[in-house]
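Here the structure is laid out as C-alpha cells; the discussion comes afterwards.
Residue numbers (mature numbering (1 follows the signal peptide of the UniProt record, and there is no 0)): -36 to -1, 1 to 395.
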C-alpha cells in the first residue's frame, strides 16, 4: 500500500513538471513571436511617382533632375524623352486620351492650345514673381498656364585659338561672316558645324536674317499678325530678302551632309578641332566642355545689321505646364511651385548657363564666354515665330521642311516659298 502511494506521488510530480514545462515553452513561444513582430521591419511605403515629359536628352537636364531628386526625396521622378521634331504631336496624342505626363515641357503655342482645350491647370497664383514678358507667352483668357523657363537663343560658338590664328574679329554683318568662312576654307578647314537633322536650326538662320532686315521695317513688323490671319505672303515678302541666306548654301557654309548630323555629332566635330564655328545655343555650353574640357571657347551673335548692331533669335521659348486630371495633383503642384523659386530657376539655368532667368530682379552671372552677346541679349533678342498666331508651330514646321529641301538641292528657293504659301493657306483655312 505504501509503495502504491509513493508511485502515485512521483507520478503527480512528473505530470506537474510536464505541464509546467509545456506552459513555459508556450509562453516563451508567444514571447518570441511577439518580439519578432515588434522587431520585424515595416514595409517601406511606395514613393509617389511624378512623370515629366521633355524634348531634352538626359545630358541636357542633369542639374534640373538633380535639383528635383534632392528637393523631393519622397517622390520617384520618371522622365520621358521625345525628340523635338516629334514632341508636340506625341503630346497632342497623349493629352487627348489622358495619357500625358504630370508635368510637360511646353512651347508658347502648346500652352495656349492645351489651355484652350482645358487640359492644363492654371498656375497664375504661383508665377507672379516672373516678368510680364515671359508670362505673356503662356497666357490664355487672363490666366497663365506654364512656369517660364530660362531664355533660349541661337548663336555661334567659336574656337578662339583658330579665330586668333586667322586674325578674325566678330562679324558685324553677314557679308563679314561669309568672308570669314571663305578664309577658313582657304586654310583647308570646314568653317561650320551644324546639326541640321533637327531642321529648326536651318529655319532659325533664315529668320535671323529676316529679323535683321525686313522684320524691322514698318510693314515687316506686322508680318506675323497678318500671317496668322492669312493676309501675309512668304513668297512676296520673305523670298525677296533671302538672297543673303541662300548664299550660305552657295558658299558651302550650309552643306547637305549637315542634314544627316544631329546636335551631338556637330558638337563632337567642333570640339575635335575639325571646324572653327558651331551653330548652337546656351544649352550646348556644358556639352561642349564635356567633350573637350580644354577648348578655348567664345561666342558671336547669329545675326547682324548693316550698322553693326548684333541681333539674336530667341527668347522665352518654353515653360513647364501641369496636366489636368492627375490623382496626385497636390504633389505635382508642389513640385511645379519649386520651379518658380530662386533655387529652382538656378538649377534650370545651370543646364543652360548662357541664358537669363525671367524671375524679376534676378540675374545669374553668365560665363565669360558669353560676354560678346551681352548687348544683344539685353537689347536685341527677338523670337519671330511667336507673332505667327495660333498656327505658328505648324507654319514654322512647313518652313523648316521646305528650307531643308532647298539645302538638299531638291527644290529651288523660289518654288519652295511658293509651296510654303500654299501650305500656310491650307493650315489657316483648316484644309
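Using N, Cα and C, we set each Cβ at its ideal position, and we do this for glycine too.
Nearest-angstrom Cβ-Cβ length linking residue 14 and residue 66, presumed shorter than 8 Å: Indeed they touch by this definition, with Cβ atoms about 5 Å apart.
Alpha-carbon to alpha-carbon, residue 40 and residue 7: For residue 7, the pLDDT reaches just 48, beneath the cut-off of 50, and the residue's location in the model is therefore unreliable, leaving the point undetermined.
Same chain only: Cβ atoms within 8 Å of residue 396, ignoring 5 sequence neighbours per side: There is no way to answer for residue 396, as the model of the chain reaches only from -36 to 395.
The region 135 to 146 / the region 315 to 328 touching (three or more Cβ pairs under 8 Å): The region 135 to 146 is not in contact with the region 315 to 328.
Beta-carbon separation (whole angstroms), residue 249 vs residue 318, contact threshold 8 Å: At roughly 5 Å, the Cβ-Cβ gap stays under 8 Å, so residue 249 and residue 318 are in contact.
At least 3 beta-carbon pairs within less than 8 Å: the region 127 to 138 vs the region 350 to 365: Output reads no: the region 350 to 365 does not touch the region 127 to 138.
Cβ shell of residue 255 (< 7 Å), same chain only, five flanking positions each side left out: Excluding sequence neighbours, residue 255 sits near 231, 232 and 235.
Nearest neighbour of residue 199, chosen from 10, 380 and 390 [CA to CA]: Nearest C-alpha to residue 199: 380.
Three-state secondary structure (DSSP) of residue 386: Residue state for residue 386 is assigned as helix, using DSSP reduced to three classes.
Straight-line gap, residue 80 to residue 88 (C-alpha atoms, nearest Å): Roughly 15 Å separates the two Cα atoms.
Buried/exposed call for residue 30, threshold 16 Cβ in 10 Å: Classification for residue 30: exposed.
Rounded separation between residue 391 and residue 83 - CA only: If I take the Cα positions, the gap works out to 23 Å.
The region 42 to 51 contacting the region 16 to 25, beta-carbon criterion three pairs below 8 Å: Because the criterion of three Cβ pairs below 8 Å is met, the region 42 to 51 and the region 16 to 25 touch.
Proximity to residue 76 [Cα-Cα], best of 85, 52, 176 and 102: Each of 85, 52, 176 and 102 was checked against the Cα of residue 76, and the nearest Cα belongs to 102.
Boundaries of the beta strand (DSSP E) in which residue 242 is found, first to last residue: Where residue 242 is concerned, the enclosing beta strand (DSSP E) stretches over 239 to 244.
CB-CB length for residue 206 against residue 377, believed under 8 Å: That pair is a contact at about 6 Å.
Residue 1 to residue 10 span [Cα, whole Å]: Annotation note: pLDDT 43 at residue 1 (below 50); position unreliable, coordinate value reported separately. Going by the C-alpha atoms only, they are around 21 Å apart.
Counterpart residues of residue 40 in DSSP-defined beta bridges: Residue pairing by DSSP places residue 40 opposite 13 in a beta bridge.
Beta-carbon spacing of residue 70, residue 282 below 8 Å: Cβ distance < 8 Å, so residue 70 and residue 282 count as in contact.
Between the CA atoms of residue 123 and residue 259 - distance to the nearest angstrom: Just so you know, the alpha carbons of residue 259 and residue 123 end up roughly 7 Å apart.
Of the listed residues 108, 120 and 144, nearest to residue 130 (C-alpha basis): Out of 108, 120 and 144, 144 has the C-alpha closest to the C-alpha of residue 130.
Segments of 3+ residues assigned as beta strand (DSSP E) that fall wholly inside the region 30 to 88: DSSP runs (the beta strand (DSSP E)) wholly in the region 30 to 88: 39 to 45 and 67 to 71.
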